[in-house]
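Under this note's numbering, the residues of the sequence shown are numbered -10 to 221, in order.
We put the CB at the ideal spot given by N, CA and C, even for glycine.
A quick write-up on the structure given underneath.
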Amino acid sequence: MSFTVKAEKREAFGKNASRRLRKQGLIPAVLYGEGTVTVPLVLAKKDVVLILKSDTGENTIFKVAFDSKAQDVMFKSVQIDSSTDELIHADLVLISMDKAIRVNVPVLLQGDPIGVKTEGGFVDFMTREVEIECLPKDIPENIKIDIGTLHLHQSVKVSEIAAPAGVRLITDPTSVVVLIGVPHKEEEVVKPVEEGVVAAEPTEPEVIKKERAEKPEEEEKPEKKEKKEKKE
-10 MSFTVKAEKR
0 EAFGKNASRR
10 LRKQGLIPAV
20 LYGEGTVTVP
30 LVLAKKDVVL
40 ILKSDTGENT
50 IFKVAFDSKA
60 QDVMFKSVQI
70 DSSTDELIHA
80 DLVLISMDKA
90 IRVNVPVLLQ
100 GDPIGVKTEG
110 GFVDFMTREV
120 EIECLPKDIP
130 ENIKIDIGTL
140 HLHQSVKVSE
150 IAAPAGVRLI
160 TDPTSVVVLI
170 GVPHKEEEVV
180 KPVEEGVVAA
190 EPTEPEVIKK
200 ERAEKPEEEE
210 KPEKKEKKEK
220 KE
């Protein structure tokens, strides 16, 4: 499905101007061209939301029309209000259909692993999207991985993914995408001492006892000895 979004060049700037646009169902946007060329635009919010909800989402290639011409673009980024989840801004980037670009696409896991079905493991989905490079027309909706044959402790790395035709994987080849892990055993709970049971007092080590037994008694101090003799 192809999309064409009608746009107008933005003349007013600042928070107040952007707030007024949003009240009208519009959002501010910026189109990034080659080099440092940027064009401030105004887009209809409903058009942008429709594209974002399509199967290809942020990787959708569409046309933006203004100044009596339509150009191929993609989303560079979108800004969402964290308190309302409302779309408030969009950045677009001009693309050439004959030049390779880099984008992130989601990973889709397929199959029911043996390590989960019969060995008590679980699926640890570690890398949920990968970066790829390809021509705009070759951007896939997702990268599919069959994990049905995986046993406990087995994994799939980026280097083991079969990329679609015309697509090159950019993500680190050693990155683990999915692992069949083993559930952690519950830690043993230390039982408290039962009521009425008194812990035995620590006994004195035999070595110390022996040393005390062998140690001669201290001789009386000279002063005490003299006092005794005078008494006598």
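Among the options, the one whose alpha carbon lies nearest that of residue i
i	options	result
V53	I69, L97 and L32	L32
P172	D56, F(-8), A79 and F111	F111
P153	V96, H140, K106 and I77	V96
T45	D74, D127 and S7	D127
V82	S72, S164 and T49	T49
R8	H78, G100 and M115	H78
A18	K12, K(-2) and D135	K(-2)
G24	Q99, I84 and E149	I84
M63	V(-6), I103 and G100	V(-6)
V119	D56, S148 and P102	S148
D61	R11, K106, Q68 and Y21	Y21
S(-9)	L41, K34, P29 and K4	L41
I103	D135, D70 and R11	D135
K34	A59, L10 and I169	L10
Reduced DSSP category for residue i - H, G, I as helix; E, B as strand; rest coil
i	result
V179	For V179, the predicted model reports a pLDDT of 49, less than 50, meaning its position is unreliable and no value from the coordinates is stated.
N93	strand
S(-9)	coil
G24	coil
L139	coil
A79	strand
K88	coil
A6	helix
A1	coil
D127	helix
K42	coil
I103	helix
V147	helix
V171	coil
R11	helix
Buried or exposed by the 16-neighbour rule on C-beta atoms within 10 Å, applied to residue i
i	result
F2	exposed
E177	Caution is warranted here: a pLDDT of 46 is assigned to E177, below 50, making its placement in the model unreliable, and the coordinate value is therefore given only provisionally. Result: exposed.
M86	exposed
G223	This structure cannot settle anything about residue 223, because the visible part of the chain is limited to -10 through 221.
K219	Residue placement at K219 is flagged as unreliable, the pLDDT there being 49, under the threshold of 50; the coordinate-derived value follows with that caveat. Classification for K219: exposed.
A151	exposed
P162	exposed
T138	exposed
V38	exposed
S57	exposed
K4	exposed
Residues sharing a beta bridge with residue i, DSSP
i	result
S71	According to DSSP, S71 bridges with nothing at all.
R157	E122
G(-4)	Here the sequence assigns Ala to residue -4, which means Gly is not the residue at that position. Looking at the DSSP assignment, A(-4) forms a beta bridge with L32.
K65	DSSP lists no partner for K65.
Q60	V53
P17	V31
K133	L97
V112	I169
Below-8 Å beta-carbon distance, residue i vs any chain D residue
i	result
S57	Looking for chain D here will not work: only one protein chain is present.
Any non-hydrogen atom of the ligand MN closer than 7 Å to residue i Cβ
i	result
D113	The ligand MN is not part of this structure, which contains no ligands at all.
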